[in-house]
Ligand SMILES: C[S@@+](CC[C@H](N)C(=O)[O-])C[C@H]1O[C@@H](n2cnc3c(N)ncnc32)[C@H](O)[C@@H]1O
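In the UniProt record's numbering, the protein residues as written are 1 to 299.
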């Protein structure tokens, strides 16, 4: 009996094997002009997860938006999936859809109310308009050309009264005490020049609120600015100290990672990077990068 079933199973499996190609893990879509490595593995995955947990520890919640039992939540640019997993666990009765051009990490524990769709945001959305209560996008606007036009497409995915959560950094080092030094200036001159040539704006975080207000699609637009300090002595809040440290090593890793591509094109030499590093670690300076968190209610 066992042998017969075993043989039947074996023969049906081998027929399937003949008919189907072996399953391969999905590959990232590589037509999108994205300069960073794929988010689902290695150092990039660790960097993004560390950022997520640093932000979560500071916020002590998923978002500042007053969400009331949302039933459909969409995340665009889910990266390692950390925010989507937290959304699915916070709202177990909601259906959460995570999307990205890179697949979710193979080892991620995916809650049963979370599904993933691989897509390129530069293509038209494959979702019906008005079907989500919440749309979340973090650290992605900074990689999209014409981010202002994009806000209309994002708003179209929301039902009236739904929340758009847009979160990004103003990728600029600011100093509360004195002008920034030559290392920081030289690095950002090259970086901004390169990114502007790609049609994207590294300072988009600082423009989010204005873009959302002028879109005239929202009954309210709210913003919280979170200062991420390079010098832990700039704040007494341990969660902000951690977040600043994480952001500092995170952007250092980004610059090292994109050096081959951006360095020569933006005139950023290893000496400039070393100068930047000296200044951000200088205990006499009070440098910070601002993270802009917005939550806006669709009319
Ligand atoms: C800096 S990561 C941020 C990931 C995640 N939101 C987070 O906060 O950790 C940017 C993500 O956007 C995705 N991305 C960038 N451009 C994209 C595009 N055109 N279409 C789809 N995904 C894109 C990247 O694959 C990456 O996972």
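All residues carry an ideal CB built from backbone N, CA and C; glycine is no exception.
This structure is a prediction, so every number in the text was calculated from the model and none was measured.
Distance between residue j and residue i (C-alpha atoms, nearest Å)
i	j	result
residue 241	residue 105	28 Å
residue 60	residue 75	19 Å
residue 214	residue 68	26 Å
residue 122	residue 51	25 Å
residue 186	residue 298	40 Å
residue 183	residue 282	12 Å
residue 138	residue 208	12 Å
residue 265	residue 70	45 Å
residue 34	residue 146	14 Å
residue 119	residue 251	26 Å
residue 111	residue 97	11 Å
residue 296	residue 151	11 Å
residue 294	residue 220	10 Å
C-beta contact flag for residue i and residue j at 8 Å
i	j	result
residue 141	residue 168	yes
residue 158	residue 125	no
residue 255	residue 244	no
residue 289	residue 99	no
residue 287	residue 175	yes
residue 257	residue 48	no
Residue i classed as buried or exposed, judged by whether at least 16 other C-beta atoms fall within 10 angstroms
i	result
residue 134	buried
residue 84	buried
residue 199	exposed
residue 130	exposed
residue 109	exposed
residue 224	exposed
residue 45	buried
residue 115	exposed
residue 80	buried
Residue i: first and last residue of the uninterrupted beta strand (DSSP E) it sits in
i	result
residue 137	132 to 138
residue 224	218 to 229
residue 189	From DSSP, residue 189 is part of no beta strand (DSSP E) but of the alpha helix (DSSP H) over 182 to 197.
residue 271	Looking at the DSSP string, residue 271 is not in any beta strand (DSSP E); the run it does join, the alpha helix (DSSP H), is 270 to 280.
Opening and closing residue of the alpha helix (DSSP H) in which residue i lies
i	result
residue 44	42 to 59
residue 261	238 to 266
residue 293	Per DSSP, residue 293 belongs to no alpha helix (DSSP H); it is in the beta strand (DSSP E), 287 to 298.
Check: residue i C-beta below 7 Å from any heavy atom of ligand 3
i	result
residue 39	Looking for ligand 3 in the displayed structure turns up nothing; the ligands present are ligand 1.
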